[in-house]
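Sequences listed follow chains A and B, in order.
Following numbering that gives the first Met the number 0, the numbering of the first sequence begins with 0 at its first residue and continues without gaps.
Following numbering that gives the first Met the number 0, the numbering of the second sequence begins with 0 at its first residue and continues without gaps.
For every residue, glycine included, the Cβ atom is placed at its ideal position computed from N, Cα and C.
Treat the numbers as computed from the prediction; the structure is a model and nothing was measured.
2 protein chains.
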Amino acid sequence: MSDNVVELNPPLRTLMGPGPSDIHPRVLEALAKPTVGHLDPYYLQVMDDMQGLLRKLFRTKNEMTMAISATGSAGMETCVVNLIEPGDSMLVCINGVFGMRMADVAERAGADVTRVEKPWGEVFSPDDLKSALGSVKPKVVGIVMAETSTGASQSIAAISDLVHDAGSMLLVDAVTSLGGMPVEVDDWNIDAIYSGTQKCLSCPPGLSPVSLSPRAVETVLARKTKVQSWYLDTSMLASYWGTDRVYHHTAPINMTYGLYEALRLIFEEGLDSCFARHQTNHAALREGLAALGIEYAVSAEHRLPMLNAVRVPAGVDDAAIRRALLERFGIEIGGGLGAFAGKVWRIGLMGHTSCQNNVLILLSALEQLLGEAGIPFDPGSSVAAANGIFANG
Amino acid sequence: MSDNVVELNPPLRTLMGPGPSDIHPRVLEALAKPTVGHLDPYYLQVMDDMQGLLRKLFRTKNEMTMAISATGSAGMETCVVNLIEPGDSMLVCINGVFGMRMADVAERAGADVTRVEKPWGEVFSPDDLKSALGSVKPKVVGIVMAETSTGASQSIAAISDLVHDAGSMLLVDAVTSLGGMPVEVDDWNIDAIYSGTQKCLSCPPGLSPVSLSPRAVETVLARKTKVQSWYLDTSMLASYWGTDRVYHHTAPINMTYGLYEALRLIFEEGLDSCFARHQTNHAALREGLAALGIEYAVSAEHRLPMLNAVRVPAGVDDAAIRRALLERFGIEIGGGLGAFAGKVWRIGLMGHTSCQNNVLILLSALEQLLGEAGIPFDPGSSVAAANGIFANG
């Protein structure tokens, strides 16, 4: 045995970055349950039940609702490569890293991509899309509901009619929003949507919940060309997730156990209670950060509750503070991506991470570290401000 | 909470099918270790160490050796879509389901595919490939080392020089072979190879070990077009697995723990001991099955030790026996795929499943069930035959 093959002994972290979030002990236990075969009657029952839970979570009746056997970015790729054939037009709304990624994925699928861009931290109004929709008449419009790189919350309801009036299908990135705020697939008439497990579902990364509307399914079935990805071809995946149970690939059994248990926890709490909890903890964090003079990268009306992107205070060493949070407090927060690198901290309050104690310990830790860095604020004020919210919550 | 959201309670199975195999308790425990961030210094160290273990397992110095964040079929797709650009020629050797799958994946990647076919259960000699290699001069030759649908063992060493003499790169499917028999990536001059975790590595499904030779990496870097899959683009994945640690997608942290622990177990036993164990248990099963009059679907010289594809005895109801094995003994074996459906059983002796006790209990169970079905054999003879091997082993 070589020297480097040491026993696993991961440190205990409080995961307040952009994901993964903290995992409930019941989910970790579920991952370790005995593995059965991917065609075992027991596993097929778990798949069925999990599909039911995913439909409740997405608030949809979509038959084709399932978990892709890879992480959230593969969910994005699944939606794009199934709906797009070479030469199809796709309009992608870009106001951060994940819109950029979607445009890249779409071009790799052969789409004729039209980019509509807004500054990072802003969101799209119907007026922002009208002209491009009218001139391009895209087959698919892709948009990110919760832009994890900026913390901006995009209204899907506000743009859905416009997209459909143009004859387009609506593809939504719900990686960071699902489980932390309402995602109404049927009410908002979403045609394709994907998410990840490691954000507000508080399951380790590894699966991607996806749902396709009947119209999207018809589009896939009517394709002239094969889906370019064999692994992500939903027409074949449907035969495994459906009643035929045709073998496609070997499903990730134990990850499925984990997601199943994570969904059970959400519905034990109740979806609306879960959303309210995310809002309360966000409000407490926001008031606490305000007391420290820390500003959000997004205006008040478009802030996500689960991903708080805030500006690194002037004179503060971004990486040094994050390192100190990790090393001295075991707290992970995220740095900025792309245009926000070095300028923004991304503080996650996702799923099981979103709790009173985490808000209070992060504010306490920031008070200690920013105090050492000579940032002026009234000592204790951030914790007091957060407690003011919790006391009224 | 809806009625169907019951607590997880998987039955205890003995997994003797084509995968997943039985999981060692230490691997299940590893899956449940505390989740850390995908850029946490601790996780980056685990990735580094795991890369080292994968290189030892593949017996390669290939820098680009890593685990793809999806199951083995995505490993196949990774190798194909990175090496192939639209219009490139690829020769695929087909003697079972997984060669067929590779041809499908290659066509979806835009390859001009030449199929060389052999009957199911047979393997390819250099003579089988010479004429197609000479006329096509393919960029890539794809071949399955251990065809999981037939149990046939393909010599890679025998064909490697021929492939390279034609100027082609050699792409090998080692999903079922890796960890159960020698896979010599450098000695055999393999350019691209992929595997899965749920076969001889005895880790739940969810990751795909992949290794690319320097020549393959150069080919990827010299592409004129982007890799069609963003998720599987190894030029971007290399920046995360390499020293730059550029964020690509959120890695499946806990699955990585599981694979890391599974690899530790293999190297604690020793790779050669592990291969020898697979051979011994295969020999014992083979002798036991012979005593029951059960024949292999593959001739003696080309049988895989870890995947025993045998003909369902005449007069026996394939599905009924498999169901009885599952329900009365908790044993899963696999049915036939494609041309072998209803005609073949696939008995896996992979990884942790490959042990004396499993061979003996399966033979005992088959004696009971085949006896009930009126198949003539000498009672106790299969167990005695297996014990004969174990006694000399």
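Would residue i and residue j be called neighbours here (beta carbons separated by less than 8 angstroms)?
i                 : j                 : result
Gly334 of chain B : Leu11 of chain B  : no
Ala364 of chain A : Leu324 of chain A : yes
Gly350 of chain B : Cys199 of chain B : yes
Arg58 of chain A  : Val4 of chain B   : no
Tyr295 of chain A : Asp48 of chain A  : no
Pro251 of chain B : Leu177 of chain B : no
Gln197 of chain B : Thr249 of chain A : yes
Asn61 of chain B  : Leu211 of chain B : yes
Lys138 of chain B : Met101 of chain B : no
Cys78 of chain B  : Val184 of chain B : no
Leu306 of chain B : Thr175 of chain B : yes
Gly109 of chain B : Glu84 of chain B  : yes
Arg107 of chain B : Val91 of chain B  : no
Leu303 of chain A : Gly150 of chain A : yes
Could you pull the start and end residues of the alpha helix (DSSP H) that residue i belongs to?
i                 : result
Thr77 of chain A  : 71-82
Ser159 of chain A : 156-164
Ser210 of chain A : Careful: Ser210 of chain A lies outside any alpha helix (DSSP H), inside the beta strand (DSSP E) at 207-211.
Arg276 of chain B : 270-290
Leu170 of chain A : Here Leu170 of chain A belongs to no alpha helix (DSSP H); instead the beta strand (DSSP E) covers 168-172.
Val139 of chain A : No alpha helix (DSSP H) contains Val139 of chain A, which is instead part of the beta strand (DSSP E) from 139-143.
Met46 of chain A  : 40-57
Val245 of chain B : Run containing Val245 of chain B: none; DSSP gives neither H nor E here.
Ile388 of chain A : 380-391
Ile192 of chain A : That residue, Ile192 of chain A, is in no alpha helix (DSSP H); its beta strand (DSSP E) goes 191-193.
Ile67 of chain A  : Run containing Ile67 of chain A: none in the alpha helix (DSSP H); it sits in the beta strand (DSSP E), 63-67.
Arg222 of chain A : Element bounds for Arg222 of chain A: n/a, residue is neither H nor E.
Val403 of chain A : Because chain A in this structure spans residues 0 to 392, residue 403 of chain A falls outside the shown range and cannot be described.
Arg321 of chain A : 317-328
Am I right that residue i and residue j are in contact with their C-beta atoms under 8 angstroms? What's the rounded C-beta distance?
i                 : j                 : result
Asp21 of chain B  : Ser201 of chain B : 6 angstroms
Gly170 of chain A : Ala191 of chain A : Residue identity differs from the one stated: residue 170 of chain A is Leu in this sequence, not Gly. At roughly 4 angstroms, the Cβ-Cβ gap stays under 8 angstroms, so Leu170 of chain A and Ala191 of chain A are in contact.
Glu146 of chain B : Gly71 of chain B  : Not really, about 13 angstroms apart at Cβ, beyond 8 angstroms.
Glu76 of chain B  : Ser228 of chain B : 7 angstroms
Leu231 of chain A : Ala73 of chain A  : 7 angstroms
Ser152 of chain B : His301 of chain B : 5 angstroms
Trp187 of chain B : Ala215 of chain B : No, Trp187 of chain B and Ala215 of chain B are not in contact; Cβ-Cβ is about 14 angstroms, not under 8 angstroms.
Asp111 of chain B : Asp127 of chain B : That pair is no contact at about 20 angstroms.
Gly257 of chain A : Leu30 of chain A  : 5 angstroms
Lys55 of chain B  : Phe266 of chain B : 7 angstroms
Asn82 of chain A  : Thr218 of chain A : The sequence shown places Leu at residue 82 of chain A, rather than the Asn named in the question. So it is a contact: roughly 6 angstroms between Cβ atoms.
Leu291 of chain B : Val358 of chain B : That belief does not hold up - the Cβ atoms of Leu291 of chain B and Val358 of chain B are roughly 13 angstroms apart, past 8 angstroms.
Val343 of chain A : Val297 of chain A : Rounded, the Cβ-Cβ distance is 10 angstroms, inconsistent with contact.
For the beta strand (DSSP E) containing residue i, name the first residue and the last one.
i                 : result
Leu90 of chain A  : 88-93
Glu116 of chain B : 111-116
Leu306 of chain A : 306-310
Leu358 of chain A : According to the sequence provided, residue 358 of chain A is Val. The question's Leu does not apply to it. Run containing Val358 of chain A: none in the beta strand (DSSP E); it sits in the alpha helix (DSSP H), 355-371.
Asn235 of chain B : The question names Asn, yet the displayed sequence has Met at residue 235 of chain B. Premise fails: Met235 of chain B lies in the alpha helix (DSSP H), 233-240, not in any beta strand (DSSP E).
Gly133 of chain B : No beta strand (DSSP E) contains Gly133 of chain B, which is instead part of the alpha helix (DSSP H) from 125-135.
Val343 of chain A : 343-347
Met101 of chain A : Looking at the DSSP string, Met101 of chain A is not in any beta strand (DSSP E); the run it does join, the alpha helix (DSSP H), is 96-107.
Contact set between the stretch 176-199 of chain B and chain A, restricted to residues whose Cβ is under 8 angstroms from the partner: Gly195, Gln197
Taking Cβ-Cβ distances below 7 angstroms as the criterion, which residues of the stretch 5-26 of chain A are in contact with chain B? Leu7, Pro9, Pro10, Leu11, Arg12, Leu14, Gly16, Gly18, Pro19, Ile22
Contacting positions in the stretch 283-308 of chain B - beta carbon closer than 8 angstroms to chain A: none
Would you call the stretch 165-183 of chain B and the stretch 132-147 of chain B in contact, with 3 or more CB pairs under 8 angstroms? yes
Answer yes if the stretch 272-288 of chain B comes into contact with the stretch 373-390 of chain B, meaning at least three C-beta pairs across the two stretches below 8 angstroms, and no otherwise. yes
Relative to chain A, which residues along the stretch 240-266 of chain B have a C-beta separation below 9 angstroms, given in chain order? Tyr246, His247, His248, Thr249, Ala250, Pro251, Ile252, Asn253, Met254, Tyr256, Gly257, Tyr259, Glu260, Leu262, Arg263, Phe266
Does the pairing of the stretch 367-375 of chain A with the stretch 38-57 of chain A give three or more beta-carbon distances under 8 angstroms? no
Counting pairs of beta carbons, one from the stretch 32-39 of chain A and one from the stretch 337-354 of chain A, are three or more of them closer than 8 angstroms? no
Give, in chain order, every residue of the stretch 312-343 of chain B whose Cβ lies closer than 8 angstroms to some Cβ of chain A. Leu325, Glu331, Leu336
Using a Cβ cut-off of 8 angstroms, which residues of the stretch 221-238 of chain B contact any Cβ in chain A, in chain order? Lys225, Val226, Gln227, Ser228, Trp229, Tyr230
With 9 angstroms as the limit, tell me which residues of the stretch 99-117 of chain A have their beta carbon closer than that to any beta carbon of chain B; keep them in chain order. Arg100, Asp103, Val104, Glu106, Arg107, Ala108, Gly109
Between the stretch 123-152 of chain A and chain B, which residues of the former have a C-beta closer than 8 angstroms to a C-beta of the latter? none
What residues from the stretch 47-68 of chain A come within 9 angstroms of chain B, judged by C-beta to C-beta, listed N to C? Asp47, Asp48, Gly51, Leu52, Lys55, Ile67, Ser68
Any C-beta of chain A within less than 8 angstroms: which residues of the stretch 350-362 of chain B qualify? none
Interfacial residues, the stretch 204-215 of chain B to chain A, with Cβ spacing under 8 angstroms: Pro204, Gly205
Could you please tell me which residues of the stretch 27-43 of chain A, in chain order, have their CB closer than 9 angstroms to any CB of chain B? Leu27, Glu28, Ala29, Leu30, Ala31, Lys32, Pro33, Thr34, Val35, Gly36, His37, Leu38, Asp39, Pro40, Tyr41, Tyr42
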